[in-house]
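In this note's numbering, the protein residues as written are 36 to 418. Please read the structure below before turning to the comments.
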């Protein structure tokens, strides 16, 4: 509870400060991200060492969070963060937990889930999984920061890597979980999906060019379709009358995420959205979902389906409207700039007057032929 209050106070205090530009916004996000992840690491440490004192259990995450907040504050002037560094660092810290747990499942197998709890505490295998998840999160965060600093990637390329780096392990884990129950297979699917996601993102970055705003909009559609698949799966599980039908329902959110990302890439190709426009699509879809939820409340159906189908429809409608409006706006701006470019080219050459005088007076010849008079003006048009 105390840790949650610290997070809320930190977010409010950091966001309430006036932002003077992109650097200030990046700094805000860096402080909040560092603090949040440090609180998680502190909580992981508490779960592993299991201090006897309740004060220590509460104090360690707070101390870790404080250190996480101070580090970017004290080092920002010397090592300012870039958008790519922040994107890949945050992604690495988040997805690192999944990779750590996947590696733990691959190593420990059934012992990870069958480990009996010790007296007043958690089992050894669970502690190993928590510790490995924290270490992997830290390691992938450091790697992400290094890539963001040293790789000559655009903001869109870095964002695309982060997007598919999250879709990959989630989609493969859900797919494998729909038919396999072996923890080692499940853990391996997370690791393989993560690697596959980065390979897919790298291939996309080589063939197409997306801005950070484009990827934000793609991520919004990915989230919408993924949530739709999750609710469909819940609906199937609720009405499950056949054995293992609920397990196969896990394919729905996996298909939703992948289809949302692929559809978004087709939809946003050459859109050239700015980061702010990308955020606009996210807020529009959220507002549309809220509107749909209100309509669902008015319908007040006993079935689960209208409770997610209506919000999804209104969210998708608001999303589509915002995307098309901004695409037209960007295309219109490009047209205006094109119209300002003239296809006519004029040249004025007064020096040819003296050249013509010389030609007429001396009978100047080129390759045995008398030279022609040179024009004072020339004009051309490009179609």
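Backbone N, C-alpha and C fix where the C-beta goes; we use that ideal spot for every residue, glycine too. In this text the structure is predicted, and so the values were computed from the model without any measurement.
Return no unless some Cβ of chain B is closer than 8 Å to the Cβ of residue 85. Given the protein chain composition of this structure (a single chain), no chain B is represented.
Which of the three DSSP states, helix, strand or coil, is assigned to residue 273? Residue numbering aside, residue 273 sits at position 238 when the chain shown is read from its first letter. The three-state secondary structure of residue 273, taken from DSSP, is helix.
In terms of residues, what are the limits of the alpha helix (DSSP H) holding residue 132? Along the chain shown, read from residue 1 onward, the residue named residue 132 stands at position 97. It spans 118-143 - the alpha helix (DSSP H) in which residue 132 sits, taken as one unbroken run.
What did DSSP end up calling residue 331 once you bin it into helix, strand or coil? Position 296 of the chain shown, counted from the first residue, corresponds to residue 331. For residue 331, the secondary structure class from DSSP, reduced to helix, strand or coil, is helix.
Proximal residues to residue 324 (C-beta, below 7 Å), its chain only, five neighbours per side dropped: For the purposes of this step, residue 324 is identified with residue 289 of the chain shown, where counting begins at 1. Excluding sequence neighbours, residue 324 sits near 346, 349 and 350.
Which of helix, strand or coil DSSP assigns to residue 204: Mapped onto the chain shown, residue 204 falls at position 169. Helix, per DSSP.
Do residue 178 and residue 127 have their CB atoms nearer than 8 Å? Here residue 178 corresponds to residue number 143 of the chain shown, with the count starting at 1. Here residue 127 corresponds to residue number 92 of the chain shown, with the count starting at 1. Cβ atoms of residue 178 and residue 127: closer than 8 Å.
For residue 270, which residues of its own chain have a beta-carbon under 7 Å away from its beta-carbon, when the five flanking residues on both sides are left out? Your numbering for residue 270 matches position 235 in the chain shown. If we look at residue 270 and ignore the five residues flanking it on each side, its Cβ neighbours are 339 and 340.
Would you grab the beta carbon distance between residue 322 and residue 353 for me? Rounded to a whole angstrom, and I think it's under 8 Å. For the purposes of this step, residue 322 is identified with residue 287 of the chain shown, where counting begins at 1. For the purposes of this step, residue 353 is identified with residue 318 of the chain shown, where counting begins at 1. 6 Å between Cβ atoms; contact.
Since residue 283 and residue 213 should fall inside the 8 Å C-beta cutoff, what is the C-beta to C-beta distance between them, to a whole number of angstroms? The residue you call residue 283 lines up with position 248 of the chain shown. The residue you call residue 213 lines up with position 178 of the chain shown. Sure, about 5 Å apart at Cβ, within 8 Å.
Would you call residue 68 buried or exposed, if buried means 16 or more other Cβ atoms sit within 10 Å of its Cβ? As a first step, residue 68 must be located in the chain shown, where it is residue number 33. Buried.
Taking residue 123 and residue 180 to be in contact with their CB atoms under 8 Å, please state how far apart those CB atoms are, rounded to whole angstroms. By one-based count along the chain shown, residue 123 stands at place 88. By one-based count along the chain shown, residue 180 stands at place 145. Confirmed, about 7 Å.
Rounded to a whole number of angstroms, what is the C-alpha to C-alpha distance between residue 173 and residue 289? As a first step, residue 173 must be located in the chain shown, where it is residue number 138. As a first step, residue 289 must be located in the chain shown, where it is residue number 254. Near 27 Å, if we compare the C-alpha coordinates of residue 289 and residue 173.
Are residue 208 and residue 225 closer than 8 Å when you measure CB to CB? In the chain shown, the residue the question calls residue 208 occupies position 173. In the chain shown, the residue the question calls residue 225 occupies position 190. Between residue 208 and residue 225, the C-beta gap is smaller than 8 Å, which places the two residues in contact.
What's the C-alpha gap between residue 136 and residue 365? On the chain shown, residue 136 is found 101 positions in, with the first residue counted as 1. On the chain shown, residue 365 is found 330 positions in, with the first residue counted as 1. Straight across, the Cα-Cα distance linking residue 136 with residue 365 is about 43 Å.
Using the three-state DSSP reduction, which class does residue 114 fall into: helix, strand or coil? Reading the chain shown from its first residue, position 79 is the one you call residue 114. The DSSP-derived three-state label of residue 114 is coil.
In chain order, what are the residue ranges of uninterrupted alpha helix (DSSP H) at least 4 long that sit wholly in the region 160-200? Listed in chain order, nothing qualifies, since the region 160-200 has no complete alpha helix (DSSP H) run of 4 or more residues.
To the nearest angstrom, how far is the alpha carbon of residue 133 from that of residue 253? Here residue 133 refers to the residue found at position 98 when the chain shown is read from its first residue. Here residue 253 refers to the residue found at position 218 when the chain shown is read from its first residue. Their Cα atoms are separated by approximately 22 Å.
Using a Cβ-Cβ cutoff of less than 8 Å, which residues in the same chain neighbour residue 121 once the five nearest sequence positions on both sides are dropped? Indexing the chain shown from 1 puts residue 121 at position 86. Answer for residue 121: 61, 64, 65, 68 and 183, listed in chain order.
Helix, strand or coil at residue 309 [DSSP, three-state]: Mapped onto the chain shown, residue 309 falls at position 274. Reduced to three states, the DSSP call for residue 309 is coil.
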